[in-house]
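Colleague: In our numbering, the protein residues as written are 4 to 245.
Using N, Cα and C, we set each Cβ at its ideal position, and we do this for glycine too.
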Amino acid sequence: MKLYCIGIGPGGVEQMTLRAARALEKCDCVAGYGLYLDLIAELIEGKERIQTGMTKEVDRCTAARDAARAGRTVAVVSSGDAGVYGMAGLLLEVCGDDPAIEVEIIPGVTAACAGGAALGAPLTGDFACVSLSDLLTPWEVIEKRLRGAAAGDFCIALYNPGSKTRTSHLRRACDILLETLPPETVCGLARSVGRVGESHTLTTLGALRDTAADMLTTVLIGNSRTRVVNGRMVTPRGYRGV
Ligand code: SAH
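So this is what it looks like as structure tokens:
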């Protein structure tokens, strides 16, 4: 039995790969968070939906596995890439070593890349991704990773910078980065990329600590070489000025 795990990109249909669209075509049942299913509504018309809430990921994977076991061709969809803070690992764990199920993971455009492109070209060199969500990761671990990324002069993509209940995480993260990085470090916010209401803002690390960011936003923090070029965030290709 085939079980697809598909990254649909940050905004759905337009930012999906052809491989993802073709796999969806083969499915008769699609599992995902309701908002993501709505983003790809035109591609899944008439297909059965396994729809659960944001925090019901285990239930969703289990239901998808059971539908596959029952002979359906099933897709589990994630926003962005399914393996980046997504469902792919969980789905593989839930399916375990069941020989009847073959899981095919189809990559998608992750928010760091889509947000980077919207802002310019901030991720030209080495970069690190850090999620500020401490739902599954202890805050001390997040702090350690932020300090490591700052020490390594990585460009940093911050996922999950805030939510209704996590309002101070971005400020706390900025304060940790400011222990190492100068306040004029170039930063950008990309919100709702590929979706209705998309917006982009350039700022500095010093100002970012007083900026509100929600769960639809990815924050890009430049390295020591990142500059603003004609309103775009640009990290040059090398340290030798070329
Ligand atoms: N699997 C996803 C990430 C899920 S974590 C991926 O690869 O992109 C959820 C976080 O991703 C959000 O809090 C936000 O930081 C980022 N994100 C997801 N969709 C986004 C979008 N359309 N625009 C900007 N950021 C987005």
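May I ask you to report which of helix, strand or coil DSSP gives residue 181?
Modeller: Taking the sequence shown and counting its residues from 1, one reaches residue 181 at position 178. Residue 181 falls in the coil class under three-state DSSP.
Colleague: Hey, could you find the ends of the alpha helix (DSSP H) residue 65 is sitting in?
Modeller: Looking up residue 65 in the sequence shown gives position 62. Here the alpha helix (DSSP H) through residue 65 covers 60-72.
Colleague: Between the alpha carbons of residue 184 and residue 153, how many angstroms are there, rounded?
Modeller: In the sequence shown, counting from the first residue as 1, residue 184 sits at position 181. In the sequence shown, counting from the first residue as 1, residue 153 sits at position 150. One C-alpha to the other measures close to 7 Å.
Colleague: Can you pull the DSSP bridge partners for residue 204?
Modeller: Position 201 of the sequence shown holds residue 204. Answer is 192, bridged to residue 204.
Colleague: Out of 227, 201, 226 and 192, state which residue places its alpha-carbon closest to the alpha-carbon of residue 215.
Modeller: Residue 215 sits at position 212 when you count from the first residue of the sequence shown. Minimum Cα distance to residue 215 is reached at 192.
Colleague: At 4 residues or longer, what runs of the alpha helix (DSSP H) sit wholly inside the segment 92-129?
Modeller: Every unbroken stretch of the alpha helix (DSSP H) spanning 4 or more residues and falling wholly within the segment 92-129 is given here in chain order: 114-122.
Colleague: For residue 139, which of helix, strand or coil comes out of DSSP?
Modeller: Looking up residue 139 in the sequence shown gives position 136. Coil at residue 139, not helix or strand.
Colleague: Got a sec? Which residues, its chain only, sit under 8 Å from residue 140 by beta carbon, not counting five neighbours each side?
Modeller: Residue 140 sits at position 137 when you count from the first residue of the sequence shown. So the qualifying residues of the chain are 134.
Colleague: Tell me whether residue 83 sits in a helix, a strand or coil according to DSSP, three-state version.
Modeller: For the purposes of this step, residue 83 is identified with residue 80 of the sequence shown, where counting begins at 1. Of the three classes helix, strand and coil, the one that applies to residue 83 here is strand, per DSSP.
Colleague: Closest by CA to residue 81, which one among 66, 15, 120 and 145?
Modeller: The sequence position of residue 81 within the sequence shown is 78, counting from 1. Nearest C-alpha to residue 81: 15.
Colleague: Have a look at residue 144 and residue 8 and give me their C-alpha separation to the nearest angstrom.
Modeller: In the sequence shown, residue 144 corresponds to position 141, counting from 1. In the sequence shown, residue 8 corresponds to position 5, counting from 1. Rounded to the nearest angstrom, the two C-alpha atoms are 28 Å apart.
Colleague: To which residues of the same chain is residue 79 closer than 6 Å at the C-beta, ignoring the five residues directly before and after it?
Modeller: On the sequence shown, residue 79 is found 76 positions in, with the first residue counted as 1. Correct list, in chain order: 8, 34, 67, 90 and 94.
Colleague: Between the Cα of residue 73 and the Cα atoms of 104, 96 and 48, which residue gives the shortest distance?
Modeller: As a working note, residue 73 is residue 70 in the sequence shown. Measuring from the Cα of residue 73, the nearest candidate turns out to be 104.
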